[in-house]
Amino acid sequence: MSWLLEPLAYQFMQRGLLASVIVGILCAVMGTYVVLRGMAFLGDAMAHAILPGIAIAYLFHGDLLVGAGVAAVVIALSIGFFSREGTVKEDTAIGILFAAALSLGVALISSMQTYAVDLSHILFGNVLGVSTSDLWLIAGLSFAILLTVGIFFKQFLVISFDPVLAATLRLPAELLRNLMLVLLALTVVVSLQTVGVSLAAAMLVTPAATAYLLTRRLWPMMLVSALIGALSSVIGLYLSYYLNIVSGSSIVLTATVFFLLSFLWKRMKST
Amino acid sequence: MTHTPHRLEIEKVSIGYGEKIVMRDLSFQVPHGARVAVVGPNGAGKSTLFKALVGILPLHSGRVLIHGELLGAHKDCVAYIPQREDVDWRFPVTVNDVVMMGRFGKIGWLNRPTKADKQIVWKSIEQMGIADLADHSIGQLSGGQQQRAFLARAIAQEPHILLMDEPFTGVDVTTQEVTLNLLDHLRNQHVTTIISTHDLNLAASRFDLVLLLNHRLIAYGTPQKVFVKENLTQAFGNSLLVMENGMMLVDECCPPDEEHILHHAEVK
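What follows is the structure, given as structure tokens:
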């Protein structure tokens, strides 16, 4: 059992593990909406679109998470704004904003001297660099997001499954949709530190897609997705420790293995 | 608002998508508990009218009053059975989940379903004859069973007005029968039902009132009054064939539905 405990002798590993598990669960839960509402592209775009926020925060020595958070909310609401009443199709609006924000982010970062290292941390995460205060912020934000999902579970279910029913029930669908976008944006921000912007999208989609194959109700789908997200984080972090590979990659690859297994299981079952 | 005998009033309503008006200057009144068939050629604006009544499509002009109050003043008093294409059948929900959604308007934002809600849901499911399917995914059901699940949801909603878009098209005989029985049951509950259909026979035999549309009101009243040669000619134009013995035929099968036509119009 010593191989299990050995990495935990380091405090930074303990913090890293906790942060990864929290983020794994959070992404997996929000990911169910991403998968069911066909927002995978949006999740990916959102992750990259927060880059300028981080860069600006970095340049002014501000808190990176705050910078990312502001950028994410701005992007989320802009997508809602441009695609409102169908002026521009939603995926077109996402595509334009995503590319613009990513370019702005890279432009800003390229002006820095420690460009290469910083960019790789931002893109792929730096789970072992999670400080105690980072951990608190991650835990606090995650709790708030999950609580909001719990509170609006019914409403999110209706606007996702049947927008027409949402209209007849007089639900403020536009408001709920924006709220969901903001929650998604915050989720990406929280996962920045552990898996980085380029892999956050994978953590949003892969565990939820796996759970979709294994369950047939929304609530169990969320639970299974969360379980897979947490397991992938733990296994991935250990792999990263022993194989000496980037933690974000090993976490995402572990989740991918779960997906492949459940995909094969589903195929075998249906034949 | 008991002084008004009419519970649904449509006053000079025009509806359209963007600049294109699909329904012009429509006025009619439906007494409480009546059963109305909405008929007219394809693309006449039947679905458009429904969407406006549900509140998904804003009115261009005019107003809709329910119980004497503007549309939207009442929560959840209008239920709508959507057309099949409007639903994501791969969504992970069971029949029971779908029907429970009908209660969400009554449950309130932050509360959980009570025992009473669950009972109402179960009764609605039983009434539609799909009790044995309650725990099945909605996607596993046949088309007719899916429609019955949505009918169960509409009953669970306890609406005053129920709108159904083509519930008799493309479903099995059992579902047609269950739907017709449901209409009788709803009549006893004084629920107003407004149903679009292509089945003129059904409209003539099983409905109190017929609303004949073709981008505007052609005729409205009892089937005997509405289904006369002048009205039908106005509504259906060349697709109406009048036989020598006075019989009239309408061939109205399966052209594209009005939304598609509209999209083409917008693209141009």
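These protein sequences, in sequence, are chains A and B.
Numbering of the first sequence is given in my numbering, commencing with residue 1 and proceeding in unit increments.
Numbering of the second sequence is given in my numbering, commencing with residue 1001 and proceeding in unit increments.
Built from N, CA and C at the ideal position, the CB exists for glycine as well.
| request: Give the DSSP-derived three-state secondary structure of Q1189 of chain B in the structure shown. | output: Coil.
| query | Do you know offhand how far V1098 of chain B's Cα is from L218 of chain A's? | reply | Between V1098 of chain B and L218 of chain A, the C-alpha separation is close to 11 Å.
| task | Would you tell me roughly how many angstroms separate the C-alpha atoms of L5 of chain A and Q113 of chain A, rounded to the nearest one? | result | Straight-line Cα distance between these residues: approximately 39 Å.
| Going along chain B in order, which residues have a C-beta closer than 7 Å to the C-beta of I25 of chain A? | Those within 7 Å of I25 of chain A in chain B number zero; the least Cβ separation is about 19 Å.
| said: Below 7 Å on C-beta distance, what does F275 of chain A contact in chain B? | reply: One cannot answer for residue 275 of chain A here, as it falls past the ends of chain A, which runs 1 to 271.
| field | Cβ separation of I1066 of chain B and L1110 of chain B, assumed to be a contact under 8 Å, to the nearest whole Å | value | Contact flag wrong, Cβ pair sits at about 27 Å.
| query | Across which residues does DSSP place L1212 of chain B in a beta bridge pair? | reply | Note: L1212 of chain B sits in a beta bridge opposite B:V1039, B:A1219.
| C-beta neighbour in chain A for M1101 of chain B, strict 8 Å | Chain A has a Cβ within less than 8 Å of the Cβ of M1101 of chain B.
| Using the C-alpha atoms, what's the distance from K1118 of chain B back to A1034 of chain B? | Cα to Cα, the separation comes out at about 29 Å.
| query | How about the region 1152-1168 of chain B and the region 1185-1199 of chain B: do they share at least three Cβ pairs that are nearer than 8 Å? | reply | Here the region 1152-1168 of chain B lies against the region 1185-1199 of chain B, with 3 or more beta-carbon pairs under 8 Å apart.
| said: Using 8 Å as the threshold, is the C-beta distance between A255 of chain A and T187 of chain A below it? | reply: Result no, Cβ atoms of A255 of chain A and T187 of chain A do not sit closer than 8 Å.
| field | Chain-ordered chain A contacts of D1097 of chain B [CB-CB under 7 Å] | value | Annotation: Cβ neighbours of D1097 of chain B in chain A (cutoff 7 Å, chain order): R217.
| Distance, Cα to Cα, P1167 of chain B vs L1211 of chain B? | Each residue's Cα considered, the two are about 16 Å apart.
| Does the beta carbon of A1079 of chain B sit closer than 8 Å to a beta carbon anywhere in chain A? | Residue contact check for A1079 of chain B against chain A: a CB pair falls below 8 Å.
| message | Under 8 Å: do the region 1076-1090 of chain B and the region 1039-1056 of chain B share three or more Cβ pairs, one atom per stretch? | response | Because the criterion of three Cβ pairs below 8 Å is met, the region 1076-1090 of chain B and the region 1039-1056 of chain B touch.
| message | Less than 8 Å between CB atoms is the rule here; does D91 of chain A satisfy it with respect to chain B? | response | Chain B, which has no Cβ nearer than 8 Å to the Cβ of D91 of chain A, makes this no.
| Got a sec: which bits of the region 1038-1058 of chain B sit with their beta carbon under 9 Å from any beta carbon on chain A, in order along the chain? | When C-beta distances to chain A are compared with 9 Å, the residues of the region 1038-1058 of chain B below that value are K1051, V1054, G1055, I1056, in chain order.
| request: Could you tell me whether any Cβ in chain B is nearer than 8 Å to the Cβ of A40 of chain A? | output: For A40 of chain A, the closest Cβ of chain B is not nearer than 8 Å.
| request: Give the residues from the region 1005-1024 of chain B that approach chain A closer than 8 Å (Cβ to any Cβ), ordered along the chain. | output: Within the region 1005-1024 of chain B, not one residue has a Cβ closer than 8 Å to any Cβ of chain A.
| said: Am I right that G43 of chain A and A201 of chain A are in contact with their C-beta atoms under 8 Å? What's the rounded C-beta distance? | reply: Rounded, the Cβ-Cβ distance is 5 Å, consistent with contact.
| query | In chain A, what lies closer than 9 Å to P1082 of chain B by C-beta? | reply | The contacting residues are D162, V164, L165.
| Does T168 of chain A have its Cβ less than 8 Å from a Cβ in chain C? | Here chain C cannot be found, since the structure's protein chains are A and B.
| query | What number of angstroms, rounded off, separates the C-alpha of A100 of chain A from the C-alpha of A49 of chain A? | reply | Roughly 8 Å between the two C-alpha positions.
| said: Measuring alpha carbon to alpha carbon, tell me which residue in A:W3, A:S2, A:I245 is nearest G125 of chain A. | reply: It is A:I245.
| query | Taking Cβ-Cβ distances shorter than 8 Å, what residues in chain A pair up with T1094 of chain B? | reply | Result: R216, R217.
| query | Would you say S1137 of chain B and D1165 of chain B are within 8 Å of each other, going by their C-beta atoms? | reply | Annotated as distal: S1137 of chain B and D1165 of chain B, with beta-carbon spacing of 8 Å or more.
| query | If you drop the 5 nearest sequence neighbours on each side, which residues of the same chain put their C-beta closer than 6 Å to that of I1218 of chain B? | reply | When the five nearest sequence neighbours on each side are left out, the beta carbons in the same chain lying within less than 6 Å of the beta carbon of I1218 of chain B are those of L1212, N1231, Q1234, A1235, in order along the chain.
| From B:V1030, B:V1226, B:V1121, pick the residue whose C-alpha is nearest to that of S1205 of chain B; which is it? | It is B:V1226 whose Cα lies nearest to the Cα of S1205 of chain B.
| query | Would you report the Cα separation of D1132 of chain B and P52 of chain A, rounded to the nearest angstrom? | reply | The straight-line gap from Cα to Cα measures roughly 55 Å.
| task | Please work out which residues of its chain come closer than 7 Å, Cβ to Cβ, to F41 of chain A, disregarding the five sequence neighbours upstream and downstream, and give them in chain order. | result | Here the set comprises D91, I94.
| query | G1105 of chain B CB to nearest chain A CB: under 8 Å? | reply | Closer than 8 Å: yes.
| task | Step through the CB atoms of chain A and report whether any lies within less than 8 Å of the CB of F1168 of chain B. | result | Not an interface residue.
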